[in-house]
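Residue numbers (UniProt numbering): 1 to 129. What follows is a short report on a single structure.
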């Protein structure tokens, strides 16, 4: 008998410097059944990725303070943690397909909550297989 997938065993790392937007993203990810970690910048995100192998999704804003922006973080994560699904969002910066790491997903702000949940459900289905 096949085991059912439990997304709560996997986590989404939300990287967003705006506390309100970050809280809303946490709510969406938890609604999709994932546990979450939060970071305000790329440096915090890297530290969390190093400590938590259950992180399977990076959901990052492009613009944020620190040593790298969200696109640089997305590429660094793709290189170092290939199984992690990359989801990038921005409200001001136009992000093209060539800007994104391979297989990355982009959501313009304000992003549709249903679109985020559907993307996370798709990730959960891929992990389960």
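From the three backbone atoms N, C-alpha and C, an ideal C-beta is built for every residue, glycine too. Quantities reported herein were computed from a predicted structural model and do not represent experimental measurements.
Can you name the start and end residues of the beta strand (DSSP E) that residue i belongs to?
i: residue 36; result: 35 to 39
Taking the beta carbon of residue i as the centre, do at least 16 other beta carbons fall within 10 Å, making it buried, or is it exposed?
i: residue 22; result: buried
i: residue 104; result: buried
i: residue 45; result: buried
i: residue 90; result: buried
i: residue 128; result: exposed
i: residue 119; result: buried
i: residue 116; result: buried
Excluding five sequence neighbours on each side, which residues of the same chain lie with their C-beta closer than 6 angstroms to the C-beta of residue i?
i: residue 58; result: 13, 77, 84 and 86
i: residue 15; result: 39, 45 and 60
Just to confirm my understanding: we take residue i, look at its own chain, exclude 5 residues before and 5 after, and list those with CB closer than 7 angstroms. What are they?
i: residue 112; result: none
i: residue 121; result: 32
Need the endpoints of the alpha helix (DSSP H) that residue i sits in, please.
i: residue 11; result: Here residue 11 belongs to no alpha helix (DSSP H); instead the beta strand (DSSP E) covers 11 to 15.
i: residue 20; result: 19 to 31
With a threshold of 8 angstroms on Cβ separation, who are the neighbours of residue i within its own chain once the five nearest residues in sequence on each side are excluded?
i: residue 123; result: 56, 57 and 85
i: residue 75; result: 101
Compute the distance between the beta-carbons of residue i and residue j, then report whether it is under 9 angstroms.
i: residue 71; j: residue 62; result: yes
i: residue 60; j: residue 88; result: yes
Beta carbon of residue i: closer than 8 angstroms to some heavy atom of the ligand FAD?
i: residue 51; result: With respect to small molecules bound, the structure shown includes none, and the ligand FAD cannot be examined in it.
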